[in-house]
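Taking it in order: structure first as structure tokens, then the write-up.
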Amino acid sequence: MTALDLSALSSQLDNCLTRDSHALRTRLHGLKRRASKGLPIDKGLLEVAAQIEASQQAVEARRALLPTIRYADDLPVVLRREEVLAALTKNQVLILCGETGSGKTTQLPKIALEAGRGVRGLIGHTQPRRIAARSVAARIAEELDTPLGEKVGYQVRFTGQVSDSTLIKVMTDGILLAEIHSDPLLSKYDTLIIDEAHERSLNIDFLLGYLKRLLPKRPELKLIVTSATLDVERFSAHFDGADIMSVEGRTYPVEMRYRPVQGDDDDRDRDLPRALLDAVDELAAEGAGDILVFFDGERGIREAEEALRKHPVPRHLGATEILPLYARLSAADQARVFQKHGGRRIILATNVAETSLTVPGIRYVIDTGLARVSRFSAHAGIQRLQVEPISQAAARQRAGRCGRLGPGICIRLYAEDDFAKRPAHTDPEILRTNLAAVILRMESWQLGHVDDFPFLDKPDGRQIKAAYDLLFELQAVDETRRLSALGAQLSRLPVDPRLGRMVLAGERDGCLAEMLVIVSGLTVQDPRDRPPERQQAADQAHAAWKNTTSDFLSLLALWRWYEEQARHLSQAKLRGLCEKNFLSYVRMREWRSLHQELRGLFHEEGVHENEAPVSEDVVHRALMTGLLGHLALRDEEKRKTNPAKDKREMVSYQGVKGRKLAIHPGSALVKTPPKWLMSAQWLETTRVWGAMNAAINPRWIEPLAKHLLSREVSEPHYQLDSGRVAAFETLSLYGLPVVLRRAVNYAAIDPLDARRIFILEGVLGALEGWEVVADQAWSTPSPQPSPARG
DNA sequence: CTCTCCCTT
Numbered sequence: 000m001t002a003l004d005l006s007a008l009s010s011q012l013d014n015c016l017t018r019d020s021h022a023l024r025t026r027l028h029g030l031k032r033r034a035s036k037g038l039p040i041d042k043g044l045l046e047v048a049a050q051i052e053a054s055q056q057a058v059e060a061r062r063a064l065l066p067t068i069r070y071a072d073d074l075p076v077v078l079r080r081e082e083v084l085a086a087l088t089k090n091q092v093l094i095l096c097g098e099t100g101s102g103k104t105t106q107l108p109k110i111a112l113e114a115g116r117g118v119r120g121l122i123g124h125t126q127p128r129r130i131a132a133r134s135v136a137a138r139i140a141e142e143l144d145t146p147l148g149e150k151v152g153y154q155v156r157f158t159g160q161v162s163d164s165t166l167i168k169v170m171t172d173g174i175l176l177a178e179i180h181s182d183p184l185l186s187k188y189d190t191l192i193i194d195e196a197h198e199r200s201l202n203i204d205f206l207l208g209y210l211k212r213l214l215p216k217r218p219e220l221k222l223i224v225t226s227a228t229l230d231v232e233r234f235s236a237h238f239d240g241a242d243i244m245s246v247e248g249r250t251y252p253v254e255m256r257y258r259p260v261q262g263d264d265d266d267r268d269r270d271l272p273r274a275l276l277d278a279v280d281e282l283a284a285e286g287a288g289d290i291l292v293f294f295d296g297e298r299g300i301r302e303a304e305e306a307l308r309k310h311p312v313p314r315h316l317g318a319t320e321i322l323p324l325y326a327r328l329s330a331a332d333q334a335r336v337f338q339k340h341g342g343r344r345i346i347l348a349t350n351v352a353e354t355s356l357t358v359p360g361i362r363y364v365i366d367t368g369l370a371r372v373s374r375f376s377a378h379a380g381i382q383r384l385q386v387e388p389i390s391q392a393a394a395r396q397r398a399g400r401c402g403r404l405g406p407g408i409c410i411r412l413y414a415e416d417d418f419a420k421r422p423a424h425t426d427p428e429i430l431r432t433n434l435a436a437v438i439l440r441m442e443s444w445q446l447g448h449v450d451d452f453p454f455l456d457k458p459d460g461r462q463i464k465a466a467y468d469l470l471f472e473l474q475a476v477d478e479t480r481r482l483s484a485l486g487a488q489l490s491r492l493p494v495d496p497r498l499g500r501m502v503l504a505g506e507r508d509g510c511l512a513e514m515l516v517i518v519s520g521l522t523v524q525d526p527r528d529r530p531p532e533r534q535q536a537a538d539q540a541h542a543a544w545k546n547t548t549s550d551f552l553s554l555l556a557l558w559r560w561y562e563e564q565a566r567h568l569s570q571a572k573l574r575g576l577c578e579k580n581f582l583s584y585v586r587m588r589e590w591r592s593l594h595q596e597l598r599g600l601f602h603e604e605g606v607h608e609n610e611a612p613v614s615e616d617v618v619h620r621a622l623m624t625g626l627l628g629h630l631a632l633r634d635e636e637k638r639k640t641n642p643a644k645d646k647r648e649m650v651s652y653q654g655v656k657g658r659k660l661a662i663h664p665g666s667a668l669v670k671t672p673p674k675w676l677m678s679a680q681w682l683e684t685t686r687v688w689g690a691m692n693a694a695i696n697p698r699w700i701e702p703l704a705k706h707l708l709s710r711e712v713s714e715p716h717y718q719l720d721s722g723r724v725a726a727f728e729t730l731s732l733y734g735l736p737v738v739l740r741r742a743v744n745y746a747a748i749d750p751l752d753a754r755r756i757f758i759l760e761g762v763l764g765a766l767e768g769w770e771v772v773a774d775q776a777w778s779t780p781s782p783q784p785s786p787a788r789g
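Each residue of the first sequence is one higher than the last, beginning at 0 in numbering that gives the first Met the number 0.
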């Protein structure tokens with residue numbers, strides 16, 4: 000064979016599946032090298048030629064699947080289809096800015112198909128949320144008149160419908176990110192659409208960084224990044240000045256009214272209900288239409304609900320219905336928002352209604368301008384959840400919720416100049432979160448140092464250090480920040496690093512069964528429902544599994560009970576049972592799915608769970624491997640000064656790193672605070688709360704925390720009876736003494752000094768002592784001291 | 001005496 004055949008073959012690669020072309024190109028390079036050394040390559044060439052042939056046939060088969068593309072008539076993106084097509088042909092990257100109603104989410108994948116994408120590889124389309132991924136896929140499939148799961152498929156955690164004939168695959172951004180592990184080139188895609196990039200979740204930022212590096216290695220890959228806000232220059236600059244296309248939205252104008260809460264800042268909380276009632280009255284006078292009110296949390300919602308129920312809302316337009324809406328609400332209560340209704344509705348919502356759920360039929364919005372924002376404080380090493388003024392972008396998003404049906408009105412319960420002073424955008428998650436999981440992934444995928452990774456926003460050095468500190472605590476990296484064998488294992492577990500560490504301890508200590516249950520239970524949202532108006536009944540039902548020394552064992556008890564029921568009950572009966580026991584069926588199912596998934600990972604490796612139950616201590620010691628940074632000692636002084644009679648005074652704890660904390664009232668341990676406490680989570684809101692707790696034995700700490708303990712040796716002294724030099728040692732974990740004044744052999748610690756003391760106190764002391772004894776022998780006896788009392 | 005919202009090998 001000649002060099003001509005080699006180049007002829009390599010020119011054919013552009014007609015192969017993207018999945019194959021990279022491997023085949025590598026193969027051809029190898030053959031070229033062989034040929035240059037004068038080695039025979041005939042057989043290799045024949046094989047490659049056959050593979051190319053097969054791959055091209057697969058491409059043709061996919062081309063035959065192309066559906067007739069029909070567009071939803073007059074959506075703004077569709078009207079500018081030609082431009083998008085041209086941009087896709089000309090450029091590798093396109094930034095598309097399209098606001099609500101532009102049609103970008105549903106129409107772009109179809110335009111990509113029309114541009115000839117989706118044949119050599121999949122068109123991958125990512126969504127930030129699972130529900131959205133599924134519904135977007137269903138919608139596109141419907142518009143293309145094909146059944147979901149064939150030409151248009153979707154994939155989210157635990158479920159999905161994708162087949163060999165899938166051309167468009169809609170998935171969560173988390174799925175695409177996870178695929179990098181098994182396919183670093185993302186070679187099965189010929190096009191990627193990263194939707195809702197303005198949300199700037201950790202997944203999106205990680206993907207955009209990764210894709211920047213990937214694009215040069217995948218010249219045939221096209222990327223579309225979409226954003227609903229106008230600040231797309233950042234994205235463009237990130238991708239070396241990629242073209243930007245802006246498509247208008249399809250929304251109605253929203254009139255802004257500023258009605259700041261009267262009174263000074265300290266009184267805001269008190270005056271907010273008043274301001275809310277005034278706003279409701281003002282909007283009620285405008286005419287019919289539902290009102291959506293945004294709050295920072297459940298508490299504000301409940302206060303507002305109470306105030307509204309007492310308040311005579313003008314009723315000439317029919318009854319007014321008040322509905323709370325937040326993520327923790329039971330599925331049935333959430334569903335009420337989507338039911339048809341007469342009269343006026345006032346929906347009191349948290350941020351769920353800002354992006355995750357679209358409440359239908361909203362004509363008016365009232366915005367308190369506040370939200371709870373999670374931030375990881377690297378300095379304190381703790382996660383905070385504080386109420387903050389929302390950004391301008393978030394405020395616009397909230398207001399936009401009443402501009403979908405017709406012109407809307409939004410009342411902001413803050414001043415216009417307050418709005419003007421706010422940050423333009425919400426800080427991206429990567430600047431607000433604990434980076435341990437990100438860094439663990441980067442280490443395991445060998446992506447180099449975080450500082451060099453092309454993140455849109457570079458994380459702060461202190462955040463990076465805090466993340467490495469946590470990874471060291473978990474023994475996932477060593478002192479030099481090198482990934483350990485344990486770290487490599489940890490990176491393959493799709494759970495929080497602390498929780499993953501527990502599972503690995505469970506594997507080692509023969510309590511994998513228990514760890515899989517507890518860790519999956521800690522990962523999903525708590526399935527125990529506690530509706531505000533039926534808290535007592537709920538608590539009563541949950542008491543069946545309650546363990547007052549360990550919330551973890553409560554979880555385990557709930558699981559065992561449920562598994563027993565599930566074994567002989569139909570799905571419908573199980574659902575009813577959940578309802579009766581104030582459990583969320585959906586979350587119980589999530590728990591089981593995650594448990595199943597984690598279990599599967601171990602089974603693949605041939606590791607199986609222990610069959611015999613283990614002692615509670617074994618379970619808690621395995622948990623502790625992940626929670627060494629969340630240990631605390633009861634503050635005894637406080638207990639003395641505040642007698643137990645005063646029940647309102649909460650028992651305070653002294654945690655590691657000097658943190659003061661208290662047991663969260665949702666914990667079963669709140670009434671029986673143990674001396675030593677271990678918490679799955681520390682969260683600072685009004686104060687630092689320890690959530691999901693267990694009483695522990697401090698003796699477990701030393702063997703598990705050897706790599707973290709600092710030792711302080713004091714009072715070396717000669718011991719007359721043993722004839723040795725002894726001292727006391729105090730071991731501290733992050734500044735918290737965990738072993739107090741334990742006698743140790745000083746010679747093993749500081750042999751030279753021990754020898755000095757031996758001579759000084761032992762030898763000379765013995766002489767001195769001998770003198771004393773001699774003295775006493777010749778002098779009159781002194782009176783014996785009376786025994787000590789009390 | 002209480003905690004916004006998402007996502008995964």
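In this text, a Cβ means the ideal position worked out from N, Cα and C, and glycines have one as well. Bear in mind the structure is a predicted one, so any value in this text is a computation, not a measurement.
Inset, instruction - Could you tell me which of 246, 597, 120, 588 sits nearest to residue 74, measuring between CA atoms? - result: By one-based count along the first sequence, residue 74 stands at place 75. Residue 74 has its Cα closest to that of 246, out of 246, 597, 120, 588.
Inset, instruction - Flag this pair as yes or no: are the beta carbons of residue 354 and residue 403 separated by less than 9 Å? - result: Start at 1 with the first residue of the first sequence, and residue 354 comes out as number 355. Start at 1 with the first residue of the first sequence, and residue 403 comes out as number 404. It is not a contact, given that the beta carbons lie outside the stated cut-off.
Legend entry - Whole-angstrom distance between residue 525 and residue 536, CA atom to CA atom: For the purposes of this step, residue 536 is taken as the residue at position 537 of the first sequence. For the purposes of this step, residue 525 is taken as the residue at position 526 of the first sequence. Distance between the alpha carbons of residue 536 and residue 525: 17 Å.
Inset, instruction - Return yes when the Cβ of residue 410 is within less than 9 Å of the Cβ of residue 456, no when it is not. - result: What you label residue 456 is simply residue 457 of the first sequence in a count that begins at 1. What you label residue 410 is simply residue 411 of the first sequence in a count that begins at 1. No. Outside cutoff.
Legend entry - Residue nearest to residue 649 in terms of C-alpha spacing, selected from 657, 686, 160, 613: Looking up residue 649 in the first sequence gives position 650. Minimum Cα distance to residue 649 is reached at 686.
Legend entry - Residue(s) in a DSSP beta bridge with residue 792: Any property of residue 792 remains undetermined from this structure, which presents the chain solely from 0 to 789.
Legend entry - Rounded C-alpha distance that separates residue 780 from residue 760: By 1-based counting over the first sequence, the position of residue 780 is 781. By 1-based counting over the first sequence, the position of residue 760 is 761. Model confidence at residue 780 stands at a pLDDT of 49, short of 50, so the residue's coordinates are unreliable; what they give is reported in the following sentence. One alpha carbon belongs to residue 780, the other to residue 760, and they sit about 26 Å apart.
Legend entry - Buried versus exposed call for residue 496 [16 or more other C-beta atoms within 10 Å across all chains shown]: The residue labelled residue 496 in the question sits at position 497 within the first sequence. With 16 or more other Cβ atoms within 10 Å, it is buried.
Inset, instruction - Name the residue from 588, 696, 748, 698 whose alpha carbon lies nearest to the alpha carbon of residue 157. - result: For this step, residue 157 is matched to residue 158 along the first sequence. Nearest of 588, 696, 748, 698 to residue 157, Cα basis: 588.
Inset, instruction - Grab me the residues of residue 178's own chain with a C-beta within less than 7 Å of its C-beta, minus the 5 sequence neighbours each way, in chain order. - result: In the first sequence, residue 178 corresponds to position 179, counting from 1. Contacts found: 185.
Inset, instruction - Kindly confirm or deny that the segment 157-176 and the segment 383-390 touch, where touching means at least three C-beta pairs closer than 8 Å. - result: no
Legend entry - Straight-line Cα distance separating residue 569 from residue 562: Stepping through the first sequence from its first residue, residue 562 is reached at position 563. Stepping through the first sequence from its first residue, residue 569 is reached at position 570. So the two alpha carbons sit approximately 12 Å from each other.
Inset, instruction - Using 10 angstroms around the beta-carbon of residue 706, count the other beta-carbons present and answer buried if the total reaches 16, otherwise exposed. - result: The count along the first sequence starts at 1 and reaches residue 706 at position 707. Exposed: under 16 other Cβ atoms inside 10 Å.
Inset, instruction - State the Cα-Cα distance for the pair residue 286 and residue 209, rounded to the nearest angstrom. - result: Here residue 286 corresponds to residue number 287 of the first sequence, with the count starting at 1. Here residue 209 corresponds to residue number 210 of the first sequence, with the count starting at 1. Answer to the nearest angstrom: the Cα atoms are 50 Å apart.
Legend entry - Any beta strand (DSSP E) of 3 or more consecutive residues that is wholly inside the segment 605-632: none
Inset, instruction - State the DSSP-derived secondary structure class of residue 535, mapped to helix, strand or coil. - result: On the first sequence, position 536 is the one that residue 535 refers to. In the structure shown, residue 535 sits in a helix (DSSP, three-state: H, G or I).
Legend entry - Rounded C-alpha distance that separates residue 786 from residue 711: For the purposes of this step, residue 786 is taken as the residue at position 787 of the first sequence. For the purposes of this step, residue 711 is taken as the residue at position 712 of the first sequence. Residue placement at residue 786 cannot be trusted, given a pLDDT of 47 that sits under 50; the coordinates are not used to answer.
Legend entry - Counted within 10 angstroms of its Cβ, other Cβ atoms place residue 291 as buried (16 or more) or exposed: Locating residue 291 in the first sequence gives position 292, where the first residue counts as 1. Per the 10 Å Cβ criterion, buried.
Legend entry - Residue from 61, 170, 62, 27 whose Cα sits closest to the Cα of residue 49: Position 50 of the first sequence, counting from 1, holds the residue named residue 49. Closest option to residue 49, Cα to Cα, is 27.
Inset, instruction - Pick helix, strand or coil for residue 154, following the three-state DSSP scheme. - result: Here residue 154 refers to the residue found at position 155 of the first sequence. Three-state DSSP puts residue 154 in a strand.
Legend entry - CA-to-CA distance, residue 500 to residue 624, given in whole angstroms: Residue 624 sits at position 625 when you count from the first residue of the first sequence. Residue 500 sits at position 501 when you count from the first residue of the first sequence. Taking the straight line joining both Cα atoms gives about 7 Å.
Legend entry - Spatial neighbours of residue 463 in its chain, beta-carbon cut-off 8 Å, leaving aside the 5 residues before and after: The count along the first sequence starts at 1 and reaches residue 463 at position 464. Take residue 463, set aside five residues on each side of it, and the residues of its chain with a beta-carbon closer than 8 Å to its own are 434, 438, 449, 450, in chain order.
Legend entry - Spatially closest choice to residue 469 from 172, 216, 628, 234, by CA coordinates: In the first sequence, counting from the first residue as 1, residue 469 sits at position 470. It is 628.
Inset, instruction - Check whether the segment 102-111 touches the segment 68-86, counting contact only when three or more Cβ pairs, one atom from each stretch, lie closer than 8 Å. - result: Of all C-beta pairs linking the segment 102-111 to the segment 68-86, three or more are shorter than 8 Å, placing the two stretches in contact.
Inset, instruction - Output the boundary residues of the alpha helix (DSSP H) element that contains residue 490. - result: Working through the first sequence from its first residue, we reach residue 490 at position 491. 484-490 is the span of the alpha helix (DSSP H), which, as asked, contains residue 490.
Legend entry - Coarse secondary structure for residue 269, derived from DSSP in three states: Reading the first sequence from its first residue, position 270 is the one you call residue 269. Three-state DSSP puts residue 269 in a helix.
Legend entry - Pairwise C-alpha distance: residue 517 and residue 803: Here the chain has residues from 0 to 789 only, and residue 803 is not among them.
Legend entry - CB contact flag (residue 739, residue 695, <9 Å): In the first sequence, residue 739 corresponds to position 740, counting from 1. In the first sequence, residue 695 corresponds to position 696, counting from 1. In this structure, residue 739 lies away from residue 695, with their beta-carbon atoms at least 9 Å apart.
Legend entry - Member of 459, 733, 418 whose CA lies at the smallest distance from the CA of residue 701: In the first sequence, the residue the question calls residue 701 occupies position 702. Selected option, being the one with the closest Cα: 733.
Legend entry - Contacting residues, own chain, Cβ-Cβ under 6 Å from residue 256 (five flanking each side not counted): Along the first sequence, one-based indexing puts residue 256 at 257. Hits under 6 Å: 410.
Legend entry - Buried or exposed (CB count within 10 angstroms, at least 16 for buried), residue 744: Within the first sequence, numbered from 1, the residue matching residue 744 stands at position 745. That one is exposed.
Legend entry - Burial state of residue 762, where buried means 16 or more other Cβ atoms lie within 10 Å: Taking the first sequence and counting its residues from 1, one reaches residue 762 at position 763. By the Cβ neighbour-count rule, residue 762 is exposed, with fewer than 16 other Cβ atoms within 10 Å of its own.
Legend entry - Segment limits, beta strand (DSSP E) that includes residue 745: The residue labelled residue 745 in the question sits at position 746 within the first sequence. From DSSP, residue 745 is part of no beta strand (DSSP E); its letter is neither H nor E.
Legend entry - DSSP bridge partner residues for residue 293 (one or two, in chain order): Translated into the one-based positions of the first sequence, residue 293 becomes position 294. DSSP output for residue 293 lists 348, 366 as bridge partner(s).
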